[in-house]
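Colleague: Pasting in a structure now, in structure tokens, and then I'll have a few things to ask.
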Amino acid sequence: MIERPGNPPWGTSGRSPSLTTVANDGKTIRIGLLGCGNVGGALVPLVQRQADAIEARTGLRLDITRVAVRNMSRDRGVTLADGVLTRDAHAVATDPDIDLVVEVIGGIEPARELISAALVAGKPVVTGNKELLANVGAELFATADANGVDLLFEAAVAGGIPLIRPLRESLRGEPVTRVMGILNGTTNYILTKMSEEGAEYGEALAEAQELGYAERDPTADVEGYDAGAKAAIIASIAFGAKVVAGDVYHEGISGVTSADIEVARRLGYVVKLLGIADRDPATGDVAVRVHPSMVPVHHPLASVRESYNAVFVEGDAVGSLMFFGRGAGGAPTASAVLGDVIDAAVNLSKGTHGTIGSFGKATIRAIDETSAEYLVSLDVADQPGVLHAVTGVFAEHGVSIRAAEQEGIGADARLVFITHQAREADVQATVRDLRNLDVVHRFGGFIRVIGA
Ligand SMILES: NC(=O)c1ccc[n+]([C@@H]2O[C@H](COP(=O)([O-])OP(=O)(O)OC[C@H]3O[C@@H](n4cnc5c(N)ncnc54)[C@H](OP(=O)(O)O)[C@@H]3O)[C@@H](O)[C@H]2O)c1
42 MIERPGNPPW
52 GTSGRSPSLT
62 TVANDGKTIR
72 IGLLGCGNVG
82 GALVPLVQRQ
92 ADAIEARTGL
102 RLDITRVAVR
112 NMSRDRGVTL
122 ADGVLTRDAH
132 AVATDPDIDL
142 VVEVIGGIEP
152 ARELISAALV
162 AGKPVVTGNK
172 ELLANVGAEL
182 FATADANGVD
192 LLFEAAVAGG
202 IPLIRPLRES
212 LRGEPVTRVM
222 GILNGTTNYI
232 LTKMSEEGAE
242 YGEALAEAQE
252 LGYAERDPTA
262 DVEGYDAGAK
272 AAIIASIAFG
282 AKVVAGDVYH
292 EGISGVTSAD
302 IEVARRLGYV
312 VKLLGIADRD
322 PATGDVAVRV
332 HPSMVPVHHP
342 LASVRESYNA
352 VFVEGDAVGS
362 LMFFGRGAGG
372 APTASAVLGD
382 VIDAAVNLSK
392 GTHGTIGSFG
402 KATIRAIDET
412 SAEYLVSLDV
422 ADQPGVLHAV
432 TGVFAEHGVS
442 IRAAEQEGIG
452 ADARLVFITH
462 QAREADVQAT
472 VRDLRNLDVV
482 HRFGGFIRVI
492 GA
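Note that my numbering has the sequence shown beginning at 42, numbered continuously upward.
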């Protein structure tokens, strides 16, 4: 049991606490676990296995005292003492005999209400809930600060990969300019199959579903919502600005074809779904987006295969950093949760807490105002004057062409262009007019080129 600051568990005589402890002697941290699915179910045995080592290092004994779930009769493959399991999550969050709460239920409600109740009751909270933090994170951080407790969330972005703590602590003095990453393992798995085996999108998705990498309803992953929530959290932490999921432009991978991937490969690129957050050094404006991107084959992100995640951070002084690993899965995510639990437990025992700091109001740059190089491919009538008509559309919108190639495909020709850096709005206008040209028989890929 941990007592509040001002009333240390070892009394007020000024003596140091003994590091040799047993349960319920004042050094046991009683954890209330909300949710025992993929992550919670992996956290329970991890805590049980690591408890002795953690106690030896910190003097604190972690004990999962209560576990809230929906279905009491489901077999979770974990060993819990009688009476630990309950259906009443609110009672766990506010139980005066619980010192620290771990929320791994997911979604907005009831997670938001439960976390708020725990914070208001003076309990630190550890969560892996990206959806919640990307929508109402600022409100919850303010509640944590107002109540003098930690709200930690390393697991919410890129699962087992340490990213939030490096951004918050190690890179605190670094003016981070851009963070971009492969933030969703399902889509990276699908794109890897398409790139390496020539699979079409539908086939690769079906295989990912069979292997359990993709949900039956894959929308959140394949349309970029999941990566968008993570990108919003990353942007908030990296730039100290309030960015919510609704500020993130997202475009998924369901429109990417094996032909796009083949064109990219021939030109020396790999197609990845990237979450990108950058800040304009002059204005401080922040742009956050998720979309398929062509990454040069020699860029570190290009070699991240299958369901792995990686995040590439660029700063003025530090240069480039890359964080790589398992971005999801019960055990890797539980590892990140446990790291936070230990931090919060140590802080609690010292009567202290960290603070996320305040988030300034961010001016969000719309996707139209961002710029990149673009790949544009189209099938056109193979006849004189067509190339002139097509390049004329680019010129009309001030989009200059860096490279072009032409290939005969029966009666048609396939034209592939890579532009110089251009404004998104200008490229979108070019694409709209190209689609309306009579000589354009099929509009192919339109992919942003990143990382050069
Ligand atoms: N899975 C990953 O790889 C991963 C990676 C990073 C972050 N996360 C985040 O971690 C969180 C949990 O993910 P997960 O994959 O572990 O989810 P999950 O397998 O669906 O588990 C959710 C758990 O919450 C319980 N639950 C749901 N509603 C409840 C309620 N009203 N009261 C009490 N318990 C309730 C469920 O109970 P029943 O078991 O009885 O249904 C289940 O045990 C999410 O925020 C997710 O985004 C997950």
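Idealized CB from N, CA, C, for every residue including glycine.
With 16 other CB atoms within 10 Å as the buried threshold, where does S399 fall?
Modeller: It is exposed - the Cβ of S399 has fewer than 16 other Cβ atoms within 10 Å.
Colleague: Check whether the Cβ atoms of S334 and L315 lie closer than 7 angstroms to each other.
Modeller: Cβ atoms of S334 and L315: closer than 7 angstroms.
Colleague: Apart from the five residues on each side of it in sequence, which residues of its chain come closer than 8 angstroms, Cβ to Cβ, to I450?
Modeller: Within the same chain, I450 has close Cβ partners D420.
Colleague: Skipping 5 residues on each side, what residues in its chain have a beta carbon closer than 6 angstroms to that of V220?
Modeller: The answer, listed in chain order, is I275, A279, A318 and V354.
Colleague: Span of the alpha helix (DSSP H) holding V304?
Modeller: Segment S299 to R307, the alpha helix (DSSP H) holding V304.
Colleague: Mark L181 as exposed unless 16 or more other C-beta atoms lie within 10 angstroms of its C-beta, in which case mark it buried.
Modeller: So L181 ends up on the buried side.
Colleague: Please work out which residues of its chain come closer than 7 angstroms, Cβ to Cβ, to A470, disregarding the five sequence neighbours upstream and downstream, and give them in chain order.
Modeller: Excluding residues within five positions, the ones whose Cβ falls inside 7 angstroms are H438.
Colleague: In the structure shown, what three-state DSSP assignment does V462 receive?
Modeller: Here residue 462 is Gln; the residue named in the question, Val, does not match the sequence. Coil at Q462, not helix or strand.
Colleague: Inspect the beta-carbon positions of L74 and V167 and report whether they are closer than 7 angstroms.
Modeller: Contact: no.
Colleague: Looking only at DSSP bridge pairs, what is L74 linked to?
Modeller: Paired residues: V108 and V143.
Colleague: If you follow the alpha helix (DSSP H) that V177 is in, where does it begin and where does it stop?
Modeller: Note, V177: alpha helix (DSSP H), K171 to A187.
Colleague: Which residue wins for smallest C-alpha separation from K402, given the options A328, G281, A463 and R473?
Modeller: Among A328, G281, A463 and R473, the Cα nearest to that of K402 belongs to G281.
Colleague: Is R111 near ligand 3, with its Cβ less than 6 angstroms from a heavy atom?
Modeller: Among the ligands in the structure shown, ligand 3 does not appear; only ligand 1 can be found there.
Colleague: For ligand 1, any of its heavy atoms closer than 6 angstroms to the Cβ of A272?
Modeller: Flag unset: Cβ of A272 not near ligand 1.
Colleague: Within 10 angstroms of the Cβ of R90, are there 16 or more other Cβ atoms? Answer buried if so, exposed if not.
Modeller: Classification of R90: exposed, given that the 10 Å Cβ count is below 16.
Colleague: In angstroms with no decimal places, state the Cα-to-Cα distance between I442 and D453.
Modeller: The straight-line gap from Cα to Cα measures roughly 21 angstroms.
Colleague: Leaving out the 5 sequence neighbours to the left and right, which residues in its chain are closer than 8 angstroms to E172 when beta-carbon positions are compared?
Modeller: Result list for E172: G147, G148, I149, A270 and A286, in chain order.
Colleague: Counting C-beta neighbours from all protein chains within 10 Å, is the total for H461 16 or more, i.e. buried, or is it exposed?
Modeller: So H461 counts as exposed.
Colleague: At which residues does the alpha helix (DSSP H) containing V88 begin and terminate?
Modeller: That run of the alpha helix (DSSP H) goes N79 to T99.
Colleague: Check the DSSP bridge columns for I127 and list the partner residues they point to.
Modeller: Note that residue 127 is Thr in the sequence shown, not Ile. Partner(s): A109.
Colleague: So for D258, helix, strand or coil by DSSP?
Modeller: Here D258 sits in coil by DSSP.
Colleague: Contact between the segment 306-315 and the segment 223-230 is defined here as three or more beta-carbon pairs at a separation below 8 angstroms; is this criterion met?
Modeller: Short answer: they touch.
Colleague: Taking C-alpha atoms, which residue in R489, E347, Y415 and T127 lies nearest to A249?
Modeller: Closest option to A249, Cα to Cα, is E347.
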